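In our numbering, the protein residues as written are 214 to 320.
Glycine is no exception: its CB is placed at the ideal position from the N, C-alpha and C atoms.
Because the structure is a prediction, the values reported are computed rather than measured.
Structure below.
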């Protein structure tokens, strides 16, 4: 596993690897990925950076973020502890719960 952002071997998958979707995308059945994580690197429209799984930090070229992950929900927090990015990993309990409860309700 790519545990450290300074790890030079980025060919190893991260524990958080996969596609992440917003609530709006899940509920609306849009199937549009908000961001992805591959080999420990998060890539989104606004933020790209390496996740350090040991310290739960994401380091981009310009900023550092705190990472919180729980049952498929990944949230990035800025230095003021405001959430700046939230996504739900496909095929996890969080994703499936949103899809089942809210997706059915809003159809």
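Beta-carbon gap between residue i and residue j smaller than 8 Å
i           : j           : result
residue 297 : residue 278 : yes
residue 292 : residue 233 : no
residue 260 : residue 249 : no
residue 242 : residue 300 : no
residue 247 : residue 228 : no
residue 280 : residue 295 : no
Segment limits, beta strand (DSSP E) that includes residue i
i           : result
residue 265 : 261 to 265
residue 286 : 286 to 290
residue 232 : 231 to 234
residue 258 : Careful: residue 258 lies outside any beta strand (DSSP E) and carries neither H nor E.
Buried/exposed call for residue i, threshold 16 Cβ in 10 Å
i           : result
residue 263 : buried
residue 314 : exposed
residue 304 : exposed
residue 265 : buried
Extent of the continuous alpha helix (DSSP H) run through residue i
i           : result
residue 228 : Careful: residue 228 lies outside any alpha helix (DSSP H) and carries neither H nor E.
Original post:
Taking only runs of the alpha helix (DSSP H) that begin and end inside the region 269 to 313, which ones reach a length of at least 4 residues, in chain order?
Top reply: 306 to 311
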